[in-house]
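J.: Have a look at this one before I ask anything.
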Amino acid sequence: MFDFQLLHLDAHSSARRSVFSTPHGAVQMPAFMPVGTQATVKGLEIDQLRATGAEMILSNTYHLALRPGEETVAALGGLHQFMGWTGPILTDSGGFQVFSLAHLIKITEEEAVFRSHIDGHLVALSPERAVAIQERLGSDVAMALDHVVGLPNTREVVADAMERSVRWARRCRDAARRADQAKFAIVQGGLDTDLRVACARQLREMDFPGYAVGGLSVGEPPAEMYRMLDVTVPELPSDRPRYLMGVGRPEDLLEGIARGIDLFDCVMPTRNGRNAMAFTDRGPIRLRNVKFERDERPLEEGCPCAACRRSRGYIRHLFMAHEMLGPTLLSIHNLTYYQRLLAGARAAIEADRFEEYRQEKFRGWAAE
RNA sequence: GGGGGGUUUCCCGAGUGGUCAAAGGGGUCAGACUGUAAAUCUGAUGGCAAUGCCUUCGAAGGUUCGAAUCCUUCACUCCCCA
375 MFDFQLLHLD AHSSARRSVF STPHGAVQMP AFMPVGTQAT VKGLEIDQLR ATGAEMILSN
435 TYHLALRPGE ETVAALGGLH QFMGWTGPIL TDSGGFQVFS LAHLIKITEE EAVFRSHIDG
495 HLVALSPERA VAIQERLGSD VAMALDHVVG LPNTREVVAD AMERSVRWAR RCRDAARRAD
555 QAKFAIVQGG LDTDLRVACA RQLREMDFPG YAVGGLSVGE PPAEMYRMLD VTVPELPSDR
615 PRYLMGVGRP EDLLEGIARG IDLFDCVMPT RNGRNAMAFT DRGPIRLRNV KFERDERPLE
675 EGCPCAACRR SRGYIRHLFM AHEMLGPTLL SIHNLTYYQR LLAGARAAIE ADRFEEYRQE
735 KFRGWAAE
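Position 95 (the first sequence) corresponds to 469 in the working numbering; numbering is contiguous.
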């Protein structure tokens, strides 16, 4: 039901070209998943989302469990039918919310206790419950519940969270009931090489169908994140997909791919798009800037997206006038940009020229 | 014709003797955003040779150590009664 096939290894880096098959279709990897936290990629209709080239998307256990509730999603046909996306869906476990909403919760060995950000009532999320919710939602890939901590942090705190993440991963695996949903484990360990390696090895023993690297890009310098990938990825089984959670900027994706990462997700193309930033091969541009007022060029020459059928001046106008088409168009453009970036990476890997591709892109981004 | 209001920095709008280059909004300008409590948030926004100086609160004049704030006249404007 799930199959991960390595198609080609880049001759000069650890980049890999692969295909991951799920009950809702195959995903060409390396791949980027747009984020649709609340069963919608903000601002986009499903056909617009599909047109960006995205094959797989991410949604969220915590948010959907709170609203509308997994039973409601199940009653409406499961997550795919609920939101109208027929391709593969990965759901995050809510582990990130333990981190981002940390002031609202208490963590014990048994579970994480949240105070709902919506109405304040207490919500308990245990590894078993995270799995049960995700199975009710019906996503193709469910993430294990992990414990994310902010960085930098003391070794004691990081080690404690890492060890709990390992124990919780085992409980998630044991709680799994549905064969049509793959469970992925998440490596934690902060910026500590030993902890990362130890975590990866323990999780590898549990034989998950996929592995994620989590707890990164939470405030540490990019170089630290790359250093963690350097030590962590080699510890992960080469015949399973490797997913770098929550990353990132275009350069982070290429750095991750070069180190053997197959899958990414990030809010950046959509959030920054809603906030008037467009990604281009010449670096990001802020469409609200007055210099674009009468710029008749498209965001990116040669980009096939709907936004690039208009001028930069028009898109700036939409943002200045607070028209909702502005955020929609830049979300479309940015997601298209990310998908084209990844498609280019896949082609480059197949041709054993990923490093050249990466250098080329970096030169462009540094140009302005 | 009679009576009563109003005029503030790009806009709206506080401010009634010093702590006022002047609250707060808006606008504008710039920045941030990495498993989304984010179509959000932050900063700047009279000028300058700038830990200070100059110009500004309808105009002109006056009172005062000191005026956006008090007085006089004028201009414009709004409301009510004729």
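Even for Gly, the Cβ is constructed at its ideal location relative to N, Cα and C.
No experiment lies behind these values; they were computed from the predicted model shown.
Assuming H521 and V472 are in contact, meaning their beta carbons sit under 8 Å apart, how far apart are those beta carbons, in whole angstroms?
T.: With a Cβ gap of about 6 Å, H521 and V472 count as contacting.
J.: Mind checking R664: buried by the 16 CB within 10 Å criterion, or exposed?
T.: For clarity, residue 664 is Val in the given sequence; the question names Arg instead. The residue in question, V664, is exposed, as its Cβ has fewer than 16 Cβ neighbours within 10 Å.
J.: Tell me which residue opens and which closes the alpha helix (DSSP H) that G687 is part of.
T.: Run containing G687: 686 to 694, per the alpha helix (DSSP H) assignment.
J.: What's the C-alpha gap between A740 and E730?
T.: Cα-Cα distance, rounded: 15 Å.
J.: Just confirm the distance between the C-beta atoms of S433 and A413, as a whole number of angstroms; I'd bet it's less than 8 Å.
T.: With a Cβ gap of about 6 Å, S433 and A413 count as contacting.
J.: Compare the beta carbon distance of G469 and M430 with 7 Å and say whether it is the shorter of the two.
T.: No, the pair does not count as a contact, with Cβ atoms beyond the cut-off.
J.: Looking only at its own chain, which residues have a Cβ that is under 6 Å from the Cβ of I659, when we skip the five neighbours before and after it?
T.: Answer for I659: A652, listed in chain order.
J.: For D726, which residues of its own chain have a beta-carbon under 7 Å away from its beta-carbon, when the five flanking residues on both sides are left out?
T.: Here the set comprises D384, A385, H386.
J.: For V605 and H696, I'd like the C-alpha separation in whole angstroms.
T.: Computed Cα separation, rounded: 45 Å.
J.: Give me the DSSP bridge partner(s) of R391.
T.: Answer is H382, bridged to R391.
J.: Using CA atoms only, rank isn't needed, just tell me which of D669, R714, C640 is closest to D655.
T.: It is R714 whose Cα lies nearest to the Cα of D655.
J.: Based on Cα-Cα distance, which residue from A572, M602, V409, A632 lies nearest to V540?
T.: Checked all of A572, M602, V409, A632; the closest Cα to V540 is A572.
J.: Quick one: grab the DSSP three-state call for R616.
T.: Reduced to three states, the DSSP call for R616 is strand.
J.: Going by CA-CA distance only, name the one from R648, T644, A597, C677 that's closest to G410.
T.: Considering only alpha carbons, the answer is T644.
J.: Can you tell me which of G524, T465, G647, A650 puts its alpha carbon nearest to the alpha carbon of M558?
T.: Residue 558 is actually Phe in this sequence, not Met. Per the Cα distances, T465.
J.: Have a look at R648, R570, T567, L440 and flag the residue whose alpha-carbon is nearest the alpha-carbon of L692.
T.: The shortest C-alpha separation from L692 is found at R648.
J.: Using alpha carbons as the reference points, say which of T702, V641, R737, A721 lies closest to G747.
T.: The question about residue 747 has no answer, for the chain in this structure spans 375 to 742.
J.: For P595, collect the residues of the same chain with a Cβ closer than 7 Å to its Cβ; drop the 5 residues on either side in sequence, then sort them by chain order.
T.: So no residue of the chain qualifies.
J.: To the nearest angstrom, report how far apart R578 and I631 are at their CA atoms.
T.: Their Cα atoms are separated by approximately 20 Å.
J.: Label G458 either buried or exposed according to how many other C-beta atoms from any shown protein chain fall within 10 Å of its C-beta, with 16 as the threshold for buried.
T.: So G458 counts as exposed.
J.: In angstroms with no decimal places, state the Cα-to-Cα distance between R668 and R684.
T.: Each residue's alpha carbon lies about 12 Å from the other.
J.: What are the start and end residues of the alpha helix (DSSP H) that includes D639?
T.: Careful: D639 lies outside any alpha helix (DSSP H), inside the beta strand (DSSP E) at 637 to 639.
J.: Considering only residues of the same chain and omitting the five flanking positions on each side of L450, which have a CB-CB separation below 8 Å?
T.: Result list for L450: F456, in chain order.
J.: Using three-state DSSP, classify V592 as helix, strand or coil.
T.: Of the three classes helix, strand and coil, the one that applies to V592 here is coil, per DSSP.
J.: Give the single residue among F736, R601, G564 whose Cα lies nearest to the Cα of T528.
T.: Taking only the C-alpha atoms, the option nearest T528 is G564.
J.: In angstroms, rounded to a whole number, what distance separates the CA positions of K735 and T426?
T.: So the two alpha carbons sit approximately 20 Å from each other.
J.: Cβ atoms of A574 and L610: under 7 Å apart, would you say?
T.: Cβ atoms of L610 and A574: closer than 7 Å.
J.: For V561 and A535, what's the separation of their Cα atoms in angstroms?
T.: If you take the alpha carbons of V561 and A535, they lie about 11 Å apart.
J.: Please tell me whether L661 and I689 are closer than 7 Å, where the distance is taken between their beta carbons.
T.: Cβ atoms of L661 and I689: closer than 7 Å.
J.: Does DSSP put L496 in a helix, a strand or coil?
T.: Strand at L496.
J.: What separation, rounded to the nearest whole angstrom, lies between the Cα atoms of L627 and P678?
T.: Approximately 21 Å between the Cα atoms of the pair.
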